[in-house]
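Below is one structure, written out as structure tokens, with a few remarks after it.
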Amino acid sequence: AATATATFHKPPPDVCRIIQEGDLSWLSVAFDYGVLPVQAGRFLSWSANGPIGTSHLLPEQLIPTTVRGGLGRQSAIEFKVLTLNAQSLNGKCRYYEDQLDALGINLALFQEVMGGAGACSSRRFLRLSTDSAKHWGVALWVSKKRGILSSNGYPQHVQEEDIQVVFESPRLLILSINAAPCKIIAVSGHCPHNLRKDEAKQFHNDLSYHLGRIKETGIVVVGIDLNGRVPTGIEGVTGGLEHGDPDDNGRAFVVTAELAGIWLPATYQEYCNGTSTTYRQANGAEHRIDYIGIGGCLKVTEISSWVEQAFDTANVNDDHSAVVLDVTGSIGGTGLQKRLHRPRYDTGKMLTEEGKAIIEKELAQYSPPLWEIHPDDHCQHLQDFMHDIMKKHFSLEVGRPKASYIPHEVWKLREGKLGLKRRTRHRKDLSEALLSRAFLQWKTREDYGVLV
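Going by the working numbering, the sequence shown opens with residue 51, and the numbers climb by one from there.
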């Protein structure tokens, strides 16, 4: 360069011609101060590390939905759940049933049952369990007297045909139970110890996969021997009641619970009564490793969690304690359904000369937001502006014919038919009503307005 012998590559001729002949009217945005980082009126300069604000997108903006439906019947829900590492149920079923009845338990979730897979029924409980592979096994018991829950004061009983197995393994049982007035997902799980890392990882993967696929479930109940301590203070999942340092099992389970909309009442000071210790080692160390999680569409109004120390496990090693959750709430009542919002506009009008002129005129009035805001908000700002144009000039008429290939005369005939049905719908049950009133008038000799 100092000897003036250096040569530089020239831009391609096509690029030069485009710059000379192209429409650069878009550069006018540079005169709107703050839209682009223009310096001295001529230079466009920015940095990847420049000040970019946080995204302010709302969930309803990210996934637009519409709501339809009306008010429906609301059901008052009550139920009690117990979870326990039983360390074998052999020879203890009758004794456990007596204690469950005394506590008024609707649903019992057991771990380490050490039995065979299958379903059986006693006089008081419907019992389902997985294969133990000699050492493990989990089980789920439903009360026949109280049902799986009570709805508006009435027990909702469950039969075997109402139950569908979602997943089954020696350490995990996930059931889908159809019980009025909602579907219930019940989970009994026994997570491998932290030292069994591969097995623990597989357990969490199975649990996360199947709970993540559950949609529009009324109630989700999880009873688990986690062999781990969950972190506290996780919004929507755990409260501030600490009990030991969190570990890998606890952190993995909280991630799954957060994704599935499940929370742990025993970790909240205001909902936990008494001690939250569920396991005592031989050396006297105390831990909280057994949990009951609750989720779904249930609106909880009252909830209480406690360790039922009076429950006799009949084990030689009195180390695990039963955990009980008492729930009162409601479900239903709105009848509302959310669907993806798919706006429709008159694309035919957009393609006309008039439509193109409207779009060109409206877009010329667009003023972008400041450069420093987050790209998500930039996109949302432009999207909202475009939808406003479409709604203002290209909206489709409500009640319009949806199939263009059907002649207009056919649509007129259809509207006339539907109009006649609307005007005469009160006569649909007239004959049946008159017959009933006629017999009642004949029976009681009273006047019900029927000429016989």
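Where a beta carbon is used, it is the ideal one built from N, C-alpha and C, also for glycine.
From a predicted model like this one, the values you see are computed outputs, not experimental measurements.
Since Pro419 and Asp427 are thought to touch, with beta carbons under 8 angstroms apart, how far apart are those beta carbons, to the nearest angstrom? 7 angstroms
Reference Tyr204; option with closest CA among Thr180, Asn140, Glu162 and Phe129: Phe129
From this set, Ile234, Pro220 and Ser105, which residue's C-alpha is nearest Leu348's C-alpha? Ile234
Going by beta-carbon coordinates alone, are Ile274 and Ala229 separated by less than 8 angstroms? no
Would you mind giving the Cβ-Cβ distance between Thr267 and Ser219, rounded to the nearest angstrom? I have them listed as a contact below 8 angstroms. Their Cβ separation, rounded to whole angstroms, is 21 angstroms, which puts Thr267 and Ser219 out of contact at 8 angstroms.
Could you check where the alpha helix (DSSP H) with Asn140 kicks off and where it finishes? First-last for Asn140: undefined, no H or E at that position.
Give a yes or no on contact between the stretch 270–284 and the stretch 303–318, applying the rule of three or more CB pairs nearer than 8 angstroms. yes
Distance between Thr474 and Leu490 (C-alpha atoms, nearest Å): 25 angstroms
Helix or strand or just coil, what does DSSP make of Ala167? coil
What are the start and end residues of the alpha helix (DSSP H) that includes Asn135? Careful: Asn135 lies outside any alpha helix (DSSP H), inside the beta strand (DSSP E) at Gln124 to Asn135.
I need the boundaries of the beta strand (DSSP E) containing Val536, first residue and last residue. Nothing can be reported for residue 536, as the shown portion of the chain is limited to 51 through 502.
Once you ignore the five residues that flank Glu336 on each side, which residues in its own chain have a CB closer than 6 angstroms to its CB? Thr327 and Arg330
Contact between the stretch 148–158 and the stretch 186–201 (3+ Cβ pairs under 8 angstroms): yes
Mapping DSSP to helix, strand and coil, what is Ser193? strand
Residue from Leu112, Asn367 and Asp340 whose Cα sits closest to the Cα of Ser358: In the sequence as presented, Ser is not what sits at residue 358; that position holds Glu. Comparing Cα positions, the closest option is Asp340.
Does Tyr395 come out as helix, strand or coil in the three-state DSSP assignment? strand
Taking Asp212 as the reference, which of Leu176, Glu110 and Asn323 has the closest Cα? Leu176
According to the Cβ coordinates, are Leu223 and Ser200 closer than 8 angstroms? no
When the Cα atoms are used, what is the spatial distance from Val366 to Trp186? 17 angstroms
How is Gly499 classed by DSSP in three states: helix, strand or coil? coil
In whole angstroms, give me the CA-to-CA distance for Ala169 and Leu446. 57 angstroms
Assuming Val350 contacts Val374 under a Cβ cut-off of 8 angstroms, what Cβ separation, rounded to an integer in Å, is found between them? That pair is no contact at about 16 angstroms.
Helix, strand or coil, according to DSSP, for Pro457 in the structure here? coil
How would you write the range of the beta strand (DSSP E) that Asp376 sits in, first residue to last? Ala372 to Gly382
Can you name the start and end residues of the beta strand (DSSP E) that Arg177 belongs to? Phe175 to Ser179
By a C-beta neighbour count over all protein chains shown, 10 Å radius and 16 as the cutoff for buried, is Leu463 buried or exposed? exposed
Determine the extent of the beta strand (DSSP E) in which His476 is found, giving its start and end residues. Premise fails: His476 is in no beta strand (DSSP E) and is neither H nor E.
At a cut of 8 angstroms, does the stretch 239–249 reach the stretch 283–293 through at least three beta carbon pairs? no
Could you give the C-beta distance for Ala125 and Glu162, rounded to a whole number, given that I count them as a contact under 8 angstroms? Checking the sequence, you will find Ser at residue 125 rather than Ala. Actually they do not touch by this definition, with Cβ atoms about 35 angstroms apart.
Among Leu309, Pro114, Asp369 and Glu308, the one whose alpha carbon lies nearest that of Gly334: Asp369
Tell me where the alpha helix (DSSP H) around Asp426 begins and ends. Pro425 to His443
Alpha carbon to alpha carbon, what distance is there between Val460 and Gly469? 14 angstroms
Our contact map puts Ser258 next to Leu309 with C-beta atoms below 8 angstroms; I'd like the distance itself, whole angstroms only. 7 angstroms
Integer Cβ distance of Gly289 from Arg279, believed to fall under 8 angstroms: The Cβ separation is near 14 angstroms, so there is no contact.
Roughly how many whole angstroms lie between the Cα atoms of Gln111 and Gln430? 8 angstroms
Those residues which DSSP pairs with Asp151 across a bridge: The partner list for Asp151 (beta bridge, DSSP) is empty, contrary to what the question assumes.
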